[in-house]
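There are 2 protein chains.
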Amino acid sequence: MALSLEEGEERISTFVTMARKSGLRITPQRLEIFREVAFATEHPDVEAVFASVRTRMPTVSLDTVYRTLWWLKDSGLVSLIGAGKGGTRFDPNTKAHHHFVCLRCGSIQDFYDSCLDSLEIPTQAELLGAVQGVNVEVRGECKLCLAKAALEGA
Amino acid sequence: MALSLEEGEERISTFVTMARKSGLRITPQRLEIFREVAFATEHPDVEAVFASVRTRMPTVSLDTVYRTLWWLKDSGLVSLIGAGKGGTRFDPNTKAHHHFVCLRCGSIQDFYDSCLDSLEIPTQAELLGAVQGVNVEVRGECKLCLAKAALEGA
DNA sequence: GTCACTGCAAATCTTTTGCAGTATG
DNA sequence: CATACTGCAAAAGATTTGCAGTGAC
Chain G
1 MALSLEEGEE RISTFVTMAR KSGLRITPQR LEIFREVAFA TEHPDVEAVF ASVRTRMPTV
61 SLDTVYRTLW WLKDSGLVSL IGAGKGGTRF DPNTKAHHHF VCLRCGSIQD FYDSCLDSLE
121 IPTQAELLGA VQGVNVEVRG ECKLCLAKAA LEGA
Chain X
155 MALSLEEGEE RISTFVTMAR KSGLRITPQR LEIFREVAFA TEHPDVEAVF ASVRTRMPTV
215 SLDTVYRTLW WLKDSGLVSL IGAGKGGTRF DPNTKAHHHF VCLRCGSIQD FYDSCLDSLE
275 IPTQAELLGA VQGVNVEVRG ECKLCLAKAA LEGA
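Quick mapping for you: the protein sequence lines, in order, are chains G and X. Quick note on the working numbering: the first sequence kicks off at 1 and runs consecutively. Quick note on the working numbering: the second sequence kicks off at 155 and runs consecutively.
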């Protein structure tokens with residue numbers, strides 16, 4: 001699955017605008033790293049981005065890739081898959097359920113909703129493989145983080 | 155949010171049954187580790203399970219926890235949050251979209267569906283914090299893994 | 001009694017940090 | 001020109017592996 005050139009370029013121009021707005025410097029490394037991610041359709045991990053950027057810019061270091069990616073994430077230009085940070089996490093709940101994921105602290109809370117359980121799977125998704133279940137991930141900021149932010153902002 | 159005792163015990167008896175069926179030995183460590191995970195409502199990571207089990211069984215080692223958790227995962231008794239294994243992964247797609255997650259290889263593919271984008275957020279979820287978006291995670295086995303399995307099974 | 005399972009310790013892989021030099025705005 | 005950014009190297013953290021002893025079946 002290839003990304004259209006226009007869509008990639010659109011992502012890059014958003015990137016430059018955002019960077020300017022945040023007063024952050026646009027360096028060749030950052031541009032190259034972002035270009036890599038912006039055109040990616042495979043949801044790469046850090047190592048993959050690094051390897052790929054390295055073919056075109058052999059001097060970039062792995063930690064620059066890390067720093068750039070976290071910065072992109074903080075700016076909202078890319079998002080993390082799942083809860084993001086931290087080690088592997090487990091879910092002992094084998095019943096149908098759904099998650100509220102906090103984008104700030106990474107906490108995950110279960111919630112139940114029978115309508116969501118019986119969500120109709122779009123044909124688009126059916127085509128990608130053998131579907132076994134659905135989990136709806138509601139993303140936002142949890143109560144605790146909201147309270148903390150309110151305190152700090154006061 | 156506490157888990158009802160019955161539900162936890164139910165999970166444990168499922169565990170014992172499953173273990174017997176797979177011909178795997180039920181050791182005190184495994185039972186303790188599974189008990190920990192079965193009653194957890196916080197989607198713990200390995201370190202958290204380890205720390206908690208250790209308070210009741212000070213001799214367990216971290217690697218036993220790892221081994222047991224992977225085994226539980228392979229048996230389908232617990233599932234991994236997100237794609238599971240591997241490092242942090244990024245998603246450069248800032249448009250509303252959804253994921254097909256392969257439970258076998260961990261690959262993630264995007265798909266689009268405007269009905270899902272405008273999914274109504276259940277009150278249950280609204281109560282947990284400030285909602286910013288929804289991502290539907292369709293879980294199953296991807297085309298590639300299905301093909302591989304077919305080859306090996308032949 | 002057999003053989004899978006455990007604990008330990010060391011190896012490996014992933015991510016972060018401190019510092020001195022470099023280059024962007 | 002100031003100072004944020006980079007690369008390097010080393011530290012910190014997470015996960016895996018090899019091996020000898022132990023215990024579940």
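Glycine included, every Cβ here is placed at the ideal spot set by N, Cα and C. Everything numeric in this text was worked out from a predicted model, so none of it was measured.
Whether residue i touches residue j by CB criterion (8 Å)
i                : j                : result
Ala237 (chain X) : Ile262 (chain X) : yes
Phe39 (chain G)  : Leu80 (chain G)  : no
Thr317 (chain X) : Lys85 (chain G)  : Outside the shown range of chain X (155 to 308) lies residue 317 (chain X), about which nothing can therefore be said.
Arg208 (chain X) : Val214 (chain X) : yes
His43 (chain G)  : Phe244 (chain X) : yes
Spatial distance of residue i from residue j (CA atoms)
i                : j                : result
Gly162 (chain X) : Val65 (chain G)  : 43 Å
Thr17 (chain G)  : Asp271 (chain X) : 26 Å
Ile180 (chain X) : Cys299 (chain X) : 31 Å
Val290 (chain X) : Ala130 (chain G) : 16 Å
Ser176 (chain X) : His251 (chain X) : 38 Å
Asp199 (chain X) : Phe188 (chain X) : 13 Å
Ala147 (chain G) : Gly287 (chain X) : 20 Å
Gly140 (chain G) : Val37 (chain G)  : 23 Å
Arg20 (chain G)  : Cys269 (chain X) : 35 Å
Pro155 (chain G) : Lys95 (chain G)  : Lying before the first or after the last residue shown, residue 155 (chain G) is absent from chain G, which here runs from 1 to 154.
Pro212 (chain X) : Glu160 (chain X) : 27 Å
Glu47 (chain G)  : Leu24 (chain G)  : 24 Å
Glu306 (chain X) : Thr195 (chain X) : 37 Å
Ala51 (chain G)  : Arg258 (chain X) : 24 Å
Glu120 (chain G) : Glu274 (chain X) : 14 Å
Selection from the options that minimises the alpha carbon distance to residue i
i                : options                                   : result
Leu216 (chain X) : X:Arg184, X:His197 and X:Val232           : X:Arg184
Ala279 (chain X) : G:Cys102, G:Ile121, G:Leu119 and G:Leu127 : G:Cys102
Glu32 (chain G)  : G:Glu42, G:Val49 and G:His43              : G:Val49
Leu281 (chain X) : G:Thr123, G:Ile12, G:Thr14 and G:Tyr112   : G:Tyr112
Arg11 (chain G)  : G:Leu72, G:Ser52, G:Val60 and G:Phe100    : G:Leu72
Arg56 (chain G)  : G:Glu42, G:Arg20 and G:Pro28              : G:Pro28
Gly106 (chain G) : G:Thr41, G:Ile121 and G:Val138            : G:Val138
Residue i Cβ short of 7 Å to the ligand ZN heavy atom set
i               : result
His43 (chain G) : With respect to small molecules bound, the structure shown includes none, and the ligand ZN cannot be examined in it.
Beta-carbon separation (whole angstroms), residue i vs residue j, contact threshold 8 Å
i                : j                : result
Asp264 (chain X) : Asn247 (chain X) : 6 Å
Leu223 (chain X) : Thr168 (chain X) : Contact doesn't hold; Cβ gap of about 16 Å is too wide.
Against chain X: residues of the region 96–113 of chain G by CB proximity under 9 Å: His98, His99, Phe100, Val101, Cys102, Leu103, Ser107, Ile108, Gln109, Asp110, Phe111, Tyr112 and Asp113
Which of the residues in the region 159–180 of chain X, read from start to end, lie with their CB under 7 Å from any CB of chain G? Arg165
Between the region 284–301 of chain X and chain G, which residues of the former have a C-beta closer than 7 Å to a C-beta of the latter? Ala284, Val285, Gln286, Gly287, Val288, Asn289, Val290, Glu291, Val292, Arg293, Gly294, Glu295, Cys296, Lys297 and Leu300
Cβ-based contacts, 8 Å cut-off: residues of the region 47–66 of chain G near chain X: Glu47 and Val49
Selection of the region 77–92 of chain G by Cβ proximity to chain X, strictly under 9 Å: Leu77, Val78, Ser79, Leu80, Ile81, Gly82, Ala83, Gly84, Lys85, Gly86, Gly87, Thr88, Arg89, Phe90, Asp91 and Pro92
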